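J.: First the structure, then my questions, so here it is.
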Amino acid sequence: MSRASLRLLALTGAIVVLPLAAAALPAQQWRTLEASRSLATTGGHDTLHVRLAYVVGNLALGAADENLLYDLTVRYDADERRVKYAYDPSARLLTVGGDSGFAKTFAIRHDEDDSGRKGPSPSLALKVAREVPLDLALRFSAADAALDLSGLDVRRLSVEATASGGRLTFGTPNSTRIPNAELRATAAGLEVAQLGNARVDTLRANATLGHIELDLGGNWTGRTALDLDAVLGVITVRVPGDVGVKVDASTTLGTVETPGFTARDGAWYSDNWANAKRSVTIGGRAVLGRLEVRRSE
Amino acid sequence: MRITIPLLALLFASALPAQEPATAPRQQATSTPATTSASADPIAVWLDSLAKDAHGLVLARAAVREGNQRVAEGDTISGNIATWHGTLDVAGHIDGNAVAVGGDVVIHPGAVIGGDALAVGGKVRNEGGIVDGEMRSLSALTVGPLPTTPPRSAEQTARRSVSLAVGWYLVLAAIGLAVVLFARGNLETISDRIRSDFTRSFLYGLAGQLLLVPALLISIVALAITVIGIILIPFAIVGFCLAVAGGLALGFIAMSYVMGDAAMRWRGAAVGGGRAQLLQFLLMGLSIYLVLWVIGGAVGGFGALGGLVRFIVTVLTWVALTVGFGATLASRGGTRARLSAELEEPEPADELSWQTPTPVSGVAAARRPSPVEREGR
């Protein structure tokens, strides 16, 4: 084949491919929705129940400005999804979700200005009142989540991440103890910073094909319990040096790593277990996965 | 020129419009108000859209006033109030909703709004008033359900299939060019395997396809058992998928080359070897499949006969993929020639070469120990 023929072949290929590529570029119609409600007119300080489900984009949760019960900002492409949210004053229930076609679920696109530079991606930012007790149930998929619960009064917590990355931060001590909290990462990475500030009695965490990292730092006292399931995944717990630790977890083709701890009666104990002022009991299962319990650096 | 047929096929295909013409107007999520036949008044039309937005409101036309509006301190408005292309300043009392279209809603200290405060194309700014309902700002209205793609007509399906066929042809041609340039030996080995062991290659390919998922699962479990290998699982999955895709592509390219070779020989082309001719045969083979795909795609959407044609084309392509994949597996990606060929004994150099070389001086035969001597010792 001569060079001229190869050139002609390449040119013909370009002629065919370019229209195909151009046909694949869809239109975009970006919208911004901002919604807030005043705290003063919403019936005092009863528990606010939040049910949030978000798919594709950046998700943020934090504390609202003073006198606001909630403050919601959503940026979305109206060609891709609809935003659904509702507040039921009688039940004090805020439901935030969305509606997007399956084929468009993973179509993460950025808007571009005239010069072709990328703008912000789809996002949802929810801020809730500091003074109100919170019952939070958060689910997100294919999202990048930054959940900052600092300064909030959390009474119940459930976080479910799927194919996502998330960071959960308790920057300040929770005003009351949380009886039960639940974290689930499925094919996702979830990092929890200063979990001790949450003052959780019992935390259940499940990492299926995912990774959860729990940092038990923060200002807390008493006892807390972690029930961890690592199924083809990894859960890492970082415990401050002054916290007494007992690890009693089972394995099925998995491992439990407790460097520096002493094995006794089928469990692992830290040296200060008997006389520590605060302690954590770690149980659970490692099924084709790994549980790691390490001292914080 | 030998590549005339593929090029003509490409040019023919490129002449087809890639963009599907819509038979029905696409539903748009838009800030453009929905049209109503009842009125040509733009405000009334727009209010209709506002009512249809999930975050909008129902407002009467009489509540809307053009330009900036102010509810002064001490004033009381019963019901709703809205501005059209103007700012709404509220310092007094509004029983209902306060709405600004194309402007801001400014809530001054001491103001009271009994319903919602809504700004479309503007912002709600609360500077110290009381809003019993919600404060909401929309950059634009979002009316109607999510845009959906209408069902394709037979003609649209055909165009799409042909576009896909051309796309695949180009991708495979590009990969084939790379293979001819950088892995010619592997391609020829796999092609030889297809020619000599077609049935066995098909069976290998079939078994390989059936075992793909179990093999992947076993690999994952094996890595998980080693614990430290858990970290490698994502890489293993990606690597496995790449290897399979590579094997399928290489096998199909080899199969196309065999097809092209056979077609050119049938046409009486001289076979001289060399990269150029290899590429020529490969493009010819791919073009045969392109023609099949174009025919299948063009008639596939038209009735049962079209479906049958498309099915036959699909089966033929699958057989080619399977045979090529099997040959690729059997030859370890073209790195190993046929076993029987390896075990074949070399031809003797001459007719006496079978004889054991014997020194001219002869060979001394060993004496067998006699039993009598052994007993005597």
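First to last, the protein sequences are chains A and B.
When we follow my numbering, the leftmost residue of the first sequence carries the number 1, and every step to the right adds one.
When we follow my numbering, the leftmost residue of the second sequence carries the number 298, and every step to the right adds one.
For every residue, glycine included, the Cβ atom is placed at its ideal position computed from N, Cα and C.
It should be emphasised that the depicted structure is a prediction, and the values quoted were computed from it without experimental measurement.
Looking at the C-beta of Glu431 of chain B, does it have a partner C-beta in chain A at a distance below 8 angstroms?
T.: Yes, because at least one Cβ of chain A sits closer than 8 angstroms to the Cβ of Glu431 of chain B.
J.: Would you mind sorting Glu160 of chain A into buried or exposed? The rule is 16 or more other CB atoms within 10 Å of its CB.
T.: Per the 10 Å Cβ criterion, buried.
J.: Give every residue of the same chain whose Cβ lies closer than 7 angstroms to the Cβ of Ser498 of chain B, excluding the five residues on either side of it in the sequence, and list them in chain order.
T.: Counting only Cβ-Cβ distances below 7 angstroms, and skipping sequence neighbours, we find Arg490, Ile491, Val620, Gly623, Ala624, Ala627.
J.: The beta strand (DSSP E) that contains Leu33 of chain A, what's its start and end?
T.: Counting along the chain, the beta strand (DSSP E) containing Leu33 of chain A begins and ends at 30-38.
J.: When the cut-off is 8 angstroms and only beta carbons count, does Ser434 of chain B lie next to chain A?
T.: True, the Cβ-Cβ gap to chain A drops below 8 angstroms.
J.: Buried or exposed: Asp65 of chain A, going by 16 or more other Cβ atoms within 10 Å of its Cβ?
T.: When all chains shown are included, Asp65 of chain A counts as exposed.
J.: Using only the heavy atoms of the ligand SAM, determine whether one of them is closer than 7 angstroms to the beta carbon of Arg285 of chain A.
T.: With respect to the ligand SAM, the structure offers nothing, as it holds no ligand at all.
J.: Determine whether the Cβ of Ile527 of chain B lies closer than 8 angstroms to any Cβ atom of chain A.
T.: With 8 angstroms as the cut-off, Ile527 of chain B counts as an interface residue toward chain A.
J.: Pull up the CB-CB distance for Arg294 of chain A and Arg204 of chain A, whole angstroms please, since I reckon it's below 8 angstroms.
T.: Going by Cβ atoms, the distance from Arg294 of chain A to Arg204 of chain A rounds to 20 angstroms, so no, they are not a contact pair.
J.: Between Ala53 of chain A and chain B, is any beta-carbon pair separated by less than 8 angstroms?
T.: No, because no Cβ of chain B sits closer than 8 angstroms to the Cβ of Ala53 of chain A.
J.: Just to confirm my understanding: we take Gly180 of chain A, look at its own chain, exclude 5 residues before and 5 after, and list those with CB closer than 6 angstroms. What are they?
T.: The question names Gly, yet the displayed sequence has Asn at residue 180 of chain A. Thr202.
J.: Where does Ser141 of chain A sit, in a helix, a strand or coil, going by DSSP?
T.: Correct three-state label for Ser141 of chain A: strand.
J.: Does the segment 556-569 of chain B come within contact of the segment 414-427 of chain B, defined as at least 3 CB pairs closer than 8 angstroms?
T.: No contact exists between the segment 556-569 of chain B and the segment 414-427 of chain B.
J.: Measure from the C-beta of Val247 of chain A to each C-beta in chain B and report whether the shortest distance is under 8 angstroms.
T.: No, Val247 of chain A lies away from the interface with chain B (no Cβ there is under 8 angstroms from its Cβ).
J.: Would you call the segment 464-483 of chain B and the segment 525-534 of chain B touching, i.e. three or more CB-CB distances under 8 angstroms?
T.: Contact fails: fewer than three Cβ-Cβ distances are below 8 angstroms.
J.: Out of A:Glu213, A:Leu134, A:Glu80, state which residue places its alpha-carbon closest to the alpha-carbon of Leu61 of chain A.
T.: With distances taken between Cα atoms, Leu61 of chain A lies closest to A:Leu134.
J.: Considering Cα atoms alone, identify which of A:Gln29, A:Tyr87, A:Gly151 is closest to His49 of chain A.
T.: Closest option to His49 of chain A, Cα to Cα, is A:Tyr87.
J.: Please tell me whether Val96 of chain A has its Cβ less than 8 angstroms away from any Cβ of chain B.
T.: So no, Val96 of chain A is outside the interface.
J.: Leaving out five residues before and five after Thr281 of chain A in sequence, what residues of the same chain have Cβ atoms less than 6 angstroms from its Cβ?
T.: Closer than 6 angstroms at the Cβ level, and outside the excluded window around Thr281 of chain A, lie Ala225, Lys246.
J.: Which of the three DSSP states, helix, strand or coil, is assigned to Pro511 of chain B?
T.: Reduced to three states, the DSSP call for Pro511 of chain B is helix.
J.: With a 10 Å radius around its C-beta and 16 neighbouring C-beta atoms as the bar for buried, classify Glu363 of chain B as buried or exposed.
T.: Answer is exposed; the Cβ neighbour count stays below 16.
J.: At the level of alpha carbons, what is the spacing between Asp144 of chain A and Glu370 of chain B?
T.: Distance between the alpha carbons of Asp144 of chain A and Glu370 of chain B: 46 angstroms.
J.: Suppose contacts are defined by Cβ-Cβ distances below 8 angstroms. Is Leu288 of chain A in contact with Ala519 of chain B by that definition?
T.: For Leu288 of chain A and Ala519 of chain B, no; Cβs fall outside 8 angstroms.
J.: Check whether the segment 69-79 of chain A touches the segment 159-179 of chain A, taking contact to mean three or more Cβ pairs, one atom from each stretch, closer than 8 angstroms.
T.: Contact between the segment 69-79 of chain A and the segment 159-179 of chain A is absent, because fewer than three Cβ pairs lie under 8 angstroms.
J.: Let me know if Ala357 of chain B comes out buried or exposed under the rule of 16 or more other beta-carbons within 10 Å of its beta-carbon.
T.: Label assigned to Ala357 of chain B: exposed.
J.: Could you give the distance in angstroms between the alpha-carbon of Val55 of chain A and the alpha-carbon of Leu602 of chain B?
T.: Distance between the alpha carbons of Val55 of chain A and Leu602 of chain B: 43 angstroms.
J.: Compute the Euclidean distance between the alpha carbons of Arg51 of chain A and Val132 of chain A, then round it to the nearest angstrom.
T.: Their Cα atoms are separated by approximately 15 angstroms.
J.: Do you know whose CA, among B:Ile585, B:Val409, B:Arg456, lies nearest Gly598 of chain B's CA?
T.: The residue with the shortest Cα to Cα distance from Gly598 of chain B is B:Arg456.
J.: Take Val368 of chain B as the anchor and find which of B:Lys349, B:Val361, B:Val355, B:His390 has the nearest alpha-carbon.
T.: For the residues B:Lys349, B:Val361, B:Val355, B:His390, the minimum Cα distance to Val368 of chain B belongs to B:His390.
J.: Whole angstroms is fine: what's the gap from Gly582 of chain B's alpha carbon to Arg167 of chain A's?
T.: Those two C-alpha atoms are separated by around 53 angstroms.
J.: Give the DSSP bridge partners of Glu431 of chain B, in chain order.
T.: DSSP output for Glu431 of chain B lists A:Arg37 as bridge partner(s).
J.: When the cut-off is 8 angstroms and only beta carbons count, does Ile522 of chain B lie next to chain A?
T.: Taking Cβ atoms only, chain A reaches closer than 8 angstroms to Ile522 of chain B, which makes this a yes.
J.: Mind pulling the chain B residues with CB within less than 8 angstroms of Val234 of chain A?
T.: Neighbours of Val234 of chain A on chain B, chain order: Ile527.
J.: Name the chain B residues that come within less than 9 angstroms of Lys127 of chain A, Cβ to Cβ?
T.: Per Cβ cutoff of 9 angstroms: no residues; Lys127 of chain A is ~13 angstroms from chain B at best.
J.: As a quick exercise: from B:Leu613, B:Val612, B:Gly593, pick the residue whose alpha carbon is nearest that of Val606 of chain B.
T.: The shortest C-alpha separation from Val606 of chain B is found at B:Gly593.
J.: Could you compute how far the alpha carbon of Phe479 of chain B sits from the alpha carbon of Leu580 of chain B?
T.: Each residue's Cα considered, the two are about 17 angstroms apart.
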